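K.L.:
Here the protein sequences line up with chains E and F, keeping their order.
Okay, so the first sequence: first residue is 1 according to my numbering, each after it adds one.
Okay, so the second sequence: first residue is 476 according to my numbering, each after it adds one.
For glycine and all other residues, C-beta sits at the position ideal for the given N, C-alpha and C.
Keep in mind the model is a prediction, meaning the values are calculated, not measured.
Can you read through this structure? Questions will come right after.
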Amino acid sequence: MGVVAAAAVLSLVGLGKADAPLGLLTAAGLVALGLILNLMAPQRRAAMTPSVIDAAVSSTPPEPGDVQTYVSALELAPNPILVVSAEEADDLAGRRIAFANASARDLLRVAREGALLVAAMRNPNVLEAIDESLFGGLDRVVTYEAGGPQSRFWRVWTNPLPGTPARPRLALVIMQDETDVRLNERMRADFLANASHELRTPLASLTGFIETLRGHAKNDEVARDRFLAIMGRQAERMARLIEDLMSLSRIELNEHIRPSGVCDLTVAVADVVDALSPQLAAKGVAFECGLPPKGEAWVAADRDQLIQVIQNLLDNAIKYSPVGGVVQVEVDVGLTLEAAAGFRPDARRLSAPDGGRMSLQTPTWSADVRYAILRVADLGPGLARETLPRLTERFYRVEGQKSGERNGTGLGLAIVKHIVNRHRGGFLVESAPGEGAVFCVYFPMSSAAGGSPGSKNERNTPLTDASAREEIKLS
Amino acid sequence: MSTNEHTLKFFGEELNQLKAEVARMGGLAEAQVADAIMAVSDRDVTLAESVVSRDQRLDLLQHDIERKSIRLIALRQPVAQDLRRTVGAMKMASILERTGDYAKNIAKRALVISEAEPITPLTRAIERMGKLVAARLKDALDSYTSAELDQAMNVWHNDEEVDEHYNSLFRELLTYMISDPRMINSCAHMLFVAKNLERIGDYATNIAEIVHYEVTGEEIVGDRPKWSGVSRDGGPNSDLEA
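So, in structure tokens, the structure goes:
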């Protein structure tokens, strides 16, 4: 399989732009190909020893066509690949990136050539391994965890490369993402711990009722019906809990993978509002929607997960609204990170004795990203400041909440937080006791559909505008 | 003219070298913090011990960077941004060294905590706060290596998240200690772990301030957004320390 993949890479001749030093990239390309082959096909490891690669390097004088191939191969490889050059051992500023392939440029946010090595990589173990390849001629393998909101685990191979007259010391760095494996282990442990802990209570209550029904309530028809009803609710709760836990596990497994789809936030909100109308009617709660026209709030999102976020937030708002209350649902677009994080603060809530506003999830800053924000405000009992940072913890219960209101699973906001994190978005809460609560989520807008001014005008024709309004009114 | 150019080029390289050394030291401090947090959450004694023993490297690096900065100032007499970069490197080195000290302290406490019974919800809360602090430190150091002003300002503005985690953890720890006096020993150590993490978060903010000064030559004006009245409800009185 590895051979096929390599052949595919090799067949993409001529796609790369060979503006890096040719001899260097030929050698790097061959060694990299060998190593990638090794990664893909462990059983072939014995065949691809360094001496075989050395032989391949020395027996293949670079021809212009070949060089193109190797550059393309390096450039197209899914693994982040770096070629590092160095001067003297004590000259840290001399360690520079001689070449970074597309995947490495994207991951480490560096230019193709010339950046300081420490600007791309600071992990001491990896730097040490690179040094050992540069100055000691050793092959090394290390693992490290890159921090940040979407933490990832990497395995890093470093290998010495044959130098060129201009750059005598070179090393090849190949990275492999091992986040999936690590996360899988971790999620399994978490899931078991959470599930066994949280299912214990409803299970104990079920067992208790079964015993009662077998014992003294055996022939009491009224009690039996009442108990069966309670047991039914407990069983439903257990089912919901398992469903939420599974959903959370799935989201966490993909948290480091950016969603690839795009989705109109306005349409998604309108859909959820529609679907919730029976619950609204049952509780006598009304929605007050302020949504931009359809086609203006394109966000880079997985539609199902976006719906889940909106659903969870609106569910909560309905749940905590007083009978006859109003829930405000608003969407705004084109905000910078600062504007989204400071979106429409309410002085009344912020100045209340125990009120406050805080971020439950802040995306990593990156230039030129604009956000679309969804703001959901209810008139419920509100939350005290000290509870705010803990809202997204699994199974966190606000103290003093009546047990009758505990019909949720305690996972709703944890799910929101993880989905938002996966989308590189943000999550805010603002609340004060007695003043209701506001939850805001913001998502990066999609550059593909966010569009140039021209396409925006096109969308703003009266027809689409009217139809968008129509749709919102329907809800 | 040509000697002058040569001097300038050489000087630029020296500054780059200094920056690279600071960045490398930053990476080491980052790893120390991450490992210390992991030592607490995984009850990993070996890891805790290696964090404690590695701290010396940060001390050595700090001395080295300070010595080089002073030499650079004495011999080259830098002005404007060059001077700010040199002084910035010295400041960074001392901040990173102290960050390392806090990591070492956390690791030492991890040794004590791992001897007691595990209190999973608390270690999870510490781990969450630790991840947040580590992410802020990473952002701050990224803004230092890239000299991105906006990124630095973003770090500077988002300090409250860490503070709020700290306050909430503080309350949780108090509750545990009141409910079960046998837990007081390990809870007290956890309290210091949380405090140390909060201080590391503050250092990330300081790094952002250094980056701002280095790039613009001006100090950040205005107060950082902070909750007022933290002490009112029995929380840790972080206002007193400011």
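(1) Please check if any C-beta of chain F sits within less than 8 angstroms of the C-beta of V118 of chain E.
(2) What did DSSP end up calling F343 of chain E once you bin it into helix, strand or coil?
(3) I'd like the span of the alpha helix (DSSP H) that includes P125 of chain E, first residue to last.
(4) Under a three-way DSSP split, which group does I594 of chain F fall into?
(5) Under 8 angstroms between beta-carbons, which chain F residues line up against P149 of chain E? List them in chain order, please.
(6) Can you have a look at V526 of chain F and say buried or exposed, based on whether 16 or more other CB atoms are within 10 angstroms of its CB?
(7) Identify whether L22 of chain E lies in helix, strand or coil by the three-state DSSP scheme.
(8) Could you spell out where the alpha helix (DSSP H) holding E211 of chain E opens and where it closes?
(9) Can you give me the Cβ contacts of E496 of chain F inside the same chain, cut-off strictly under 8 angstroms, excluding the 5 residues immediately before and after it?
(10) Assuming Y396 of chain E is part of the beta strand (DSSP E), what are its boundary residues?
(11) So A129 of chain E and R140 of chain E are in contact, right, with Cβ under 8 angstroms, and what is the actual spacing, rounded?
(12) Hey, quick one: how far does the alpha helix (DSSP H) through Q311 of chain E stretch, first residue to last?
(13) Less than 7 angstroms between C-beta atoms, sequence neighbours within five positions excluded: which residues of the same chain meet that for R674 of chain F?
(14) Give the DSSP-derived three-state secondary structure of E243 of chain E in the structure shown.
(15) List, in order along the chain, the chain E residues whose C-beta lies closer than 7 angstroms to that of H538 of chain F?
(16) May I have the straight-line CA-CA distance separating E693 of chain F from D180 of chain E, to the nearest angstrom?
(17) Since A511 of chain F contacts A600 of chain F with CB under 8 angstroms, what's their CB separation in whole angstroms?
(18) Could you check the C-alpha separation between V71 of chain E and R112 of chain E for me, to the nearest Å?
(19) From R155 of chain E to L379 of chain E, what distance separates their C-alpha atoms?
(20) Name the chain E residues that come within less than 8 angstroms of N491 of chain F, Cβ to Cβ?
(21) Between L228 of chain E and chain F, is any beta-carbon pair separated by less than 8 angstroms?
(22) List the residues that DSSP assigns as beta-bridge partners of I174 of chain E.
(23) Considering only C-alpha positions, which residue in the set E:S277, E:R349 and E:G334 is nearest to I318 of chain E?
(24) Is DSSP giving I695 of chain F helix, strand or coil here?
(25) Just list the alpha helix (DSSP H) runs in the region 626-695 of chain F, keeping only unbroken ones of 4 residues or longer that don't cross its boundaries, in chain order.
(26) Please give me, in chain order, every unbroken run of the beta strand (DSSP E) with length at least 3 that falls completely inside the region 550-617 of chain F.
(27) DSSP on R109 of chain E, reduced to helix/strand/coil?
(28) Consult DSSP for R532 of chain F and reduce its assignment to one of helix, strand or coil.
(29) In whole angstroms, what separates the C-alpha of M445 of chain E from that of D332 of chain E?
(30) Thinking just about the alpha-carbon of each residue, which of F:M665, F:A555 and F:A615 is nearest to the one in I685 of chain F?
(31) Since A377 of chain E contacts A297 of chain E with CB under 8 angstroms, what's their CB separation in whole angstroms?
(32) Tell me, please, whether the CB atom of N79 of chain E is closer than 8 angstroms to any CB atom in chain F?
(33) Just the C-alpha distance for E489 of chain F and A498 of chain F, rounded to the nearest angstrom, thanks.
(34) Taking CB distances under 8 angstroms as the criterion, tell me whether D625 of chain F reaches chain E.
(35) Have a look at E689 of chain F and K613 of chain F and give me their C-alpha separation to the nearest angstrom.
(36) With DSSP as the reference, please indicate the residues paired to G356 of chain E in a beta bridge.
P.N.:
Inspection of the coordinates gives the following:
(1) Interface flag for V118 of chain E against chain F is set, since a Cβ pair is found closer than 8 angstroms.
(2) Taken through DSSP and simplified to helix, strand or coil, F343 of chain E comes out as coil.
(3) Inspection of the sequence shows that residue 125 of chain E is occupied by Asn rather than by Pro. Unbroken alpha helix (DSSP H) run through N125 of chain E: P124 to G136.
(4) In the three-state scheme derived from DSSP, where H, G and I count as helix and E and B as strand, I594 of chain F is classed as coil.
(5) At a C-beta separation below 8 angstroms, P149 of chain E has these neighbours in chain F: A610.
(6) When all chains shown are included, V526 of chain F counts as buried.
(7) Annotation note: pLDDT 44 at L22 of chain E (below 50); position unreliable, coordinate value reported separately. Looking at L22 of chain E - three-state DSSP - the assignment turns out to be helix.
(8) Taken as a continuous stretch (DSSP letters only), the alpha helix (DSSP H) holding E211 of chain E covers T179 to R214.
(9) Same-chain partners within the cutoff: L536, D539, I540, K543 and A564.
(10) Segment: none, Y396 of chain E is in no beta strand (DSSP E) and carries neither H nor E.
(11) Going by Cβ atoms, the distance from A129 of chain E to R140 of chain E rounds to 4 angstroms, so yes, they are a contact pair.
(12) Boundaries of the alpha helix (DSSP H) around Q311 of chain E: R303 to Y320.
(13) Within the same chain, R674 of chain F has close Cβ partners Y577.
(14) Three-state DSSP puts E243 of chain E in a helix.
(15) For the C-beta of H538 of chain F, not a single chain E residue is nearer than 7 angstroms; the gap to the nearest is close to 15 angstroms.
(16) The straight-line gap separating the alpha-carbon atoms of E693 of chain F and D180 of chain E is approximately 44 angstroms.
(17) Contact flag wrong, Cβ pair sits at about 16 angstroms.
(18) A straight-line Cα-Cα distance of about 12 angstroms links V71 of chain E and R112 of chain E.
(19) Spanning the alpha carbons of R155 of chain E and L379 of chain E requires a straight line of approximately 50 angstroms.
(20) Within 8 angstroms Cβ-Cβ: A93 and L116.
(21) So, not an interface residue.
(22) E:I81 and E:W157.
(23) Comparing C-alpha distances from I318 of chain E to each of E:S277, E:R349 and E:G334 shows the shortest one belongs to E:S277.
(24) Taken through DSSP and simplified to helix, strand or coil, I695 of chain F comes out as coil.
(25) Listed in chain order, they are 635-654 and 659-691.
(26) Complete beta strand (DSSP E) runs here, min 3: none at all.
(27) In the three-state reduction of the DSSP assignment, R109 of chain E falls in the coil class.
(28) In the three-state DSSP reduction, R532 of chain F falls in the helix class (H, G or I).
(29) Spanning the two alpha carbons is a distance of roughly 11 angstroms.
(30) Cα-wise, what sits closest to I685 of chain F is F:A615.
(31) The pair is not a contact, with the Cβ atoms about 18 angstroms apart (cut-off 8 angstroms).
(32) Closer than 8 angstroms: no.
(33) For the pair E489 of chain F and A498 of chain F, the Cα-to-Cα distance works out to about 14 angstroms.
(34) Judged by the 8 angstroms Cβ criterion, D625 of chain F is in contact with chain E.
(35) Those two C-alpha atoms are separated by around 18 angstroms.
(36) Per DSSP, E:S431.
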